[in-house]
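Residue numbers (our numbering), protein chains in the order written: chain E, 1 to 182; chain A, 183 to 364.
There are 2 protein chains.
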Amino acid sequence: MRDRGVSTVGHILEAAFEVFSQNPGASLADVAKQAGVGRATLHRHFSGRDDLMIALTLTAAKELDTAVEEATANCQTYTEGLEAGLHAILPLAARHMFLSTEPASQDPRVTEVYATQTRDLAHDIDMAKAEGTFDPHVPTEWIVQGYENLIYAGWATVVAGDATPKQAAALAWRTLTRGTCP
Amino acid sequence: MRDRGVSTVGHILEAAFEVFSQNPGASLADVAKQAGVGRATLHRHFSGRDDLMIALTLTAAKELDTAVEEATANCQTYTEGLEAGLHAILPLAARHMFLSTEPASQDPRVTEVYATQTRDLAHDIDMAKAEGTFDPHVPTEWIVQGYENLIYAGWATVVAGDATPKQAAALAWRTLTRGTCP
DNA sequence: CCGAATCGAGACATATATGTCTCATGCGAG
DNA sequence: CTCGCATGAGACATATATGTCTCGATTCGG
């Protein structure tokens with residue numbers, strides 16, 4: 001197999017992340033232009049908008065998975081893993097957030113990916129509860145939401161120029177665990 | 183002036199909040215249908231999509247302002263005010279969140295409203311810092327982001343059926359101030 | 001060098017969203 | 001009751017997004 005095909009698909013996906021991050025309603029022509037490919041070429045690889053969105057979701061999930069696995073490889077506890085994972089996810093948050101505002105895809109692979117991600121995160125949080133990191137009286141569902149949304153808050157802070165990714169991740173973790181009190 | 187005109191505009195705005203909350207890319211026809219008015223009637227009151235979005239933004243800002251002012255009328259401290267404001271804002275978050283993903287409007291009224299909101303919140307947080315509620319070493323910009331995003335997290339928790347609005351607001355405030363540690 | 005595959009550009013048809021217009025209807029004011 | 005006004009329904013034109021197709025250029029393997 002030539003690598004040109006793979007490269008083209010990669011360019012399109014990368015361009016789609018950039019364009020849709022800035023404007024979720026952008027046209028496929030905008031994506032093709034950003035990717036530096038013809039509009040027809042985009043359609044050669046993705047049958048349409050839905051198909052592209054599904055590919056973006058699966059790509060994003062894989063990127064996330066890889067980044068988290070790599071970051072948590074040497075972690076001894078679930079608590080450390082969650083903190084390291086937060087640091088790993090934050091720089092990737094921008095490209096993935098627009099997907100959450102997308103009308104829910106009916107594709108079974110997409111729904112399964114989301115379910116797996118949430119389930120795994122909830123599991124790790126439950127384990128971290130057992131390690132004494134989180135109050136057992138606080139619902140795990142809430143901590144999941146807090147984890148995800150504080151990552152988004154961190155990314156927003158980075159975009160605003162008010163922190164580096166590392167600083168933002170540290171603030172997010174501190175807030176989730178100890179809050180912002182003195 | 184008859185009240186029918188006002189009522190129609192109100193219905194359209196209300197419908198737009200509902201429709202765009204679920205699908206930011208919905209058509210104006212969808213909005214008109216949800217509002218129970220003709221498509222032409224919508225165009226009689228709003229020149230187009232942009233005009234409608236601006237009206238939604240200003241309406242949302244006014245709703246927020248009213249709710250917060252009412253909730254904080256009897257508060258003695260800035261800290262109490264922030265907590266009461268969080269409780270007041272959370273139930274309204276759903277209708278406003280989609281506006282933040284909208285491509286930034288160039289309308290001066292919109293940009294000014296956003297600037298004022300953020301400035302006021304930052305001011306209150308600075309005052310609450312002086313009251314000892316927040317660590318002065320934590321950037322105010324971060325606390326602003328945390329405040330806003332934990333509200334969103336709370337709303338998401340409510341939508342998921344995992345908490346009541348009151349519970350979610352309490353969890354958000356607790357997390358922002360003390361975190362989720364035991 | 002030759003052939004196959006892929007690509008960019010662009011023409012073309014279609015679908016949807018948008019904006020404007022007309023006309024008949026309903027409802028309240030006078 | 002009659003008039004006037006806002007409305008609903010729908011026709012109409014336009015713009016944009018989308019999906020398909022063709023053709024010539026480029027690139028890589030043989």
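A virtual CB, placed ideally from N, CA and C, is assigned to each residue, including glycine. Values in this document were obtained by computation on a predicted structure and should not be read as measured data.
Close partners of proline 103 of chain E in chain A (Cβ separation under 7 Å): Asn205. Residue-level contact check: threonine 177 of chain E touches chain A, since one or more beta carbons of chain A fall below 7 Å from its beta carbon. Look at threonine 239 of chain A here: in three-state DSSP terms it is helix.
In terms of beta-carbon proximity, glutamine 327 of chain A lines the interface with chain E, with at least one pair separated by less than 7 Å. Only Gly132, Thr133, Phe134, Asp135, Val138, Pro139, Glu141, Trp142, Ile143, Gln145, Gly146, Asn149, Leu150, Tyr152, Ala153, Ala156 and Thr157 from the region 126-158 of chain E bring a Cβ to less than 7 Å from some Cβ of chain A. Across the region 163-177 of chain E, CB contacts with chain A closer than 9 Å involve Ala163, Gln167, Ala168, Leu171, Ala172, Arg174, Thr175, Leu176 and Thr177, in sequence order along the chain. Under the three-state reduction of DSSP, serine 27 of chain E is assigned to coil, being neither helix nor strand. Cysteine 363 of chain A belongs to the set of residues whose beta carbon lies under 7 Å from a beta carbon in chain E.
Chain-ordered, the chain A residues with CB closer than 7 Å to the CB of alanine 160 of chain E read Glu323. Within a 10 Å sphere around the beta-carbon of threonine 57 of chain E sit 16 or more other beta-carbons, which makes this residue buried. Here DSSP, grouped into helix, strand and coil, assigns glutamate 265 of chain A to helix. In this model, alanine 266 of chain A and leucine 13 of chain E are separated by some 44 Å (Cα to Cα).
It is roughly 43 Å from the alpha-carbon of alanine 242 of chain A to the alpha-carbon of arginine 44 of chain E.
The C-alpha of alanine 32 of chain E is placed about 6 Å away from the C-alpha of glycine 38 of chain E. For valine 159 of chain E, the uninterrupted alpha helix (DSSP H) run begins and ends at 140-159, by DSSP.
The beta carbons of alanine 153 of chain E and glycine 328 of chain A sit closer together than 7 Å.
A/Ser203 is the residue among A/Glu323, A/Ser189, A/Ser203 and A/Val320 whose C-alpha sits nearest the C-alpha of leucine 274 of chain A.
Put simply, the region 148-163 of chain E touches the region 333-353 of chain A. At least three CB pairs are less than 8 Å apart. Pairing phenylalanine 98 of chain E with proline 165 of chain E gives a Cβ-Cβ distance that is not under 7 Å. Cα atoms of threonine 118 of chain E and threonine 101 of chain E: separation of roughly 17 Å, rounded to the nearest angstrom. Residue environment for alanine 222 of chain A: exposed (fewer than 16 other C-beta atoms within 10 angstroms of its C-beta). For alanine 122 of chain E, the CB contacts under 7 Å within the same chain, skipping 5 residues up- and downstream, are Thr140 and Val144 in chain order.
Secondary structure note for histidine 305 of chain A: its alpha helix (DSSP H) is the uninterrupted segment 290-312. When the five nearest sequence neighbours on each side are left out, the beta carbons in the same chain lying within less than 7 Å of the beta carbon of isoleucine 89 of chain E are those of Leu64, Ala67, Val68 and Ile151, in order along the chain. Aspartate 107 of chain E is positioned such that its CB atom lies no closer than 7 Å to that of proline 364 of chain A. Around the C-beta of glutamate 131 of chain E, fewer than 16 other C-beta atoms lie within 10 Å, and the residue is accordingly described as exposed.
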